[in-house]
Each structure stands twice: as C-alpha cells, then as structure tokens.
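Just so you know, the sequences run in chain order C and S. Sequential numbering from 48 applies to the first sequence in the numbering used here. Sequential numbering from 9 applies to the second sequence in the numbering used here. Beta carbons are placed, not taken as given, at the ideal position from N, Cα and C, and that holds for glycine. These numbers come from a predicted model, not from an experiment. Everything on this sheet refers to the single structure shown next.
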Amino acid sequence: MFLGHVTGTIVATIKHPHLHARKLLLVRPEPTPGRPQPPSVIAVDSVDAGLGDRVLVADEGNAAAQVLGMPRGPVRTIIVGVVDEVMSEGDEPSGRSGARGA
Amino acid sequence: MLFGRVVGTVVCTEKVPSWRGQRILLVDTTDPAGASTGGRAFAAIDLVSAAPGQRVFVVRGREAAVALTNAENPADAAIVGLIDAVHEPASEPASEPSSKPTPGAAG
Numbered sequence: 048m049f050l051g052h053v054t055g056t057i058v059a060t061i062k063h064p065h066l067h068a069r070k071l072l073l074v075r076p077e078p079t080p081g082r083p084q085p086p087s088v089i090a091v092d093s094v095d096a097g098l099g100d101r102v103l104v105a106d107e108g109n110a111a112a113q114v115l116g117m118p119r120g121p122v123r124t125i126i127v128g129v130v131d132e133v134m135s136e137g138d139e140p141s142g143r144s145g146a147r148g149a
Numbered sequence: 009m010l011f012g013r014v015v016g017t018v019v020c021t022e023k024v025p026s027w028r029g030q031r032i033l034l035v036d037t038t039d040p041a042g043a044s045t046g047g048r049a050f051a052a053i054d055l056v057s058a059a060p061g062q063r064v065f066v067v068r069g070r071e072a073a074v075a076l077t078n079a080e081n082p083a084d085a086a087i088v089g090l091i092d093a094v095h096e097p098a099s100e101p102a103s104e105p106s107s108k109p110t111p112g113a114a115g
C-alpha cells in the first residue's frame, strides 16, 4: 500500500464490467525523499474519497477483489482509506498545527 | 492502473491456446494528459474493443490474466477501459482555452 493525493477524476464510459459504476480517481503517489516522483495512477474509489484528499491505496488484486466484494478481475489499484494523519518517529503529527520553533 | 495510448496491433496466428480469440494491441504509456512518457511500448490484451490512437487505461500484472475466461494464461497487461476525459484541476489550463491568465499578486 502507498500514500498519495487525489489530483483528478477520470471519465470512462466504456470499461470492463468489473469497473462498471465505479468511481475512478487519479492519484499522485507521495514520493520517497530523494527519489523521483512516481507516475500518477488510476485507482478505484471504495471510501468516497475526493479531490485533494490524502489517501491510502492498495495495489494488489486480492485486496481489490475483497474490498469490492467481487471475484478476482482485472482490478488491482484501489483506494482503501482517507488519511487523517500520519505520525512517524521524530515527527510532529501532520494533521495538527504543531509548528516547531527551529 | 496506468494511462496509455494504443499505438498498434499485434497479429499472432500461432499463440498460447488460452489467448485464442483475444485481440492484442501495442500500448504506449502516457501521462494523465496523454503525452507519451517515452517508455517502451508493450503488448496488452484488449478487453474493451479499443482501436489504434485511442487513450486507454491498462492494468498490469497478474490481474490482467484473470479477466480472460481461462485465468491460467500468461497475460501481464490488459486494456480495461477507454478514457473519455481526465479532470485534473491543478494542471488544466489546456481544457479551458477561453480562460485568461489570472492576474495574480505575483504577476
């Protein structure tokens, strides 16, 4: 799974039956510091995410099938959560106004 | 899933039996705006009757194979949809040609 930001929406009338009536969003993965920006991906939304949301994306077919409640099909990239905050060691919580002095 | 554009067709009379009756197209990866990323084009199973020149989206990996009736096949890329439009507000000046540059504070 990876973290990303929803940067857009995709309109596709003709698509595989597995994707019918599914919202497709454009997600820009958060880059690893010092590494190039990974390309944006198309993800199926399962949590009502919207433009600008920071999201958790699973990129694995079994996960997608389980979340969508369907047999395995040609779907693997799926938004499984809207991120409120991420805390890592030595960090201020990203969701709060924790502006440090230095 | 990735953005792509169909750049050609692949004709194979002799192929793996599980691919019988499937169309194989050559796909170039693009960015969301449709510009080629310059990567190597790849062959993908066509599940949505795409045609050369069309913008499509593609699933790669094992999930490409499970869409065929016989899931035990060696496909590693499949075209699963035709792109009508991509709305990406942060980088969308091209889609609204009438809009003038906003006179911002920074000029």
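Check your understanding: Cβ of S:D92 within 8 Å of Cβ of C:V53?
Key -> On the second sequence, position 84 is the one that residue 92 of chain S refers to. On the first sequence, position 6 is the one that residue 53 of chain C refers to. In this structure, S:D92 sits away from C:V53, with a CB-CB distance that is not shorter than 8 Å.
Review point. Which residues in the same chain as C:P76 place their Cβ atom closer than 6 Å to its Cβ, once the five residues preceding and following it in sequence are excluded?
Key: Residue numbering aside, residue 76 of chain C sits at position 29 when the first sequence is read from its first letter. Same-chain partners within the cutoff: F49, G51, P85.
Practice item. Taking S:G89 as the query, report the chain C residues whose CB atoms sit under 7 Å from its CB, ordered along the chain. Key: The count along the second sequence starts at 1 and reaches residue 89 of chain S at position 81. Going along chain C in sequence order, the residues near S:G89 (Cβ under 7 Å) are A59, I61, K62, H63, L66.
Point to revise | Residues of the segment 115-141 of chain C with Cβ closer than 8 Å to any Cβ of chain D, in chain order | key: Checking the listed chains, one finds no chain D in this structure; the protein chains it contains are C and S.
Exercise for review: State buried or exposed for S:N81, treating a residue as buried only when at least 16 other CB atoms are found within 10 Å of its CB.
Suggested key: Start at 1 with the first residue of the second sequence, and residue 81 of chain S comes out as number 73. Result: buried.
Review point. Any Cβ of chain S within less than 8 Å of the Cβ of C:L72?
Key: Along the first sequence, one-based indexing puts residue 72 of chain C at 25. Not one chain S Cβ lies under 8 Å of C:L72.
Point to revise | CB of C:L66 within 8 Å of CB of C:V122, strictly | key: Along the first sequence, one-based indexing puts residue 66 of chain C at 19. Along the first sequence, one-based indexing puts residue 122 of chain C at 75. Contact flag set, yes.
Check your understanding: If we ignore side chains and look at the alpha-carbon of each, how far apart do C:A111 and C:I125 end up?
Key -> Indexing the first sequence from 1 puts residue 111 of chain C at position 64. Indexing the first sequence from 1 puts residue 125 of chain C at position 78. Between C:A111 and C:I125, the C-alpha separation is close to 6 Å.
Practice item. Answer yes or no: does any C-beta atom of chain C fall closer than 8 Å to that of S:F50? Key: Walking along the second sequence from the start, residue 50 of chain S turns up at place 42. For S:F50, the answer is no, since every Cβ of chain C falls outside 8 Å of its Cβ.
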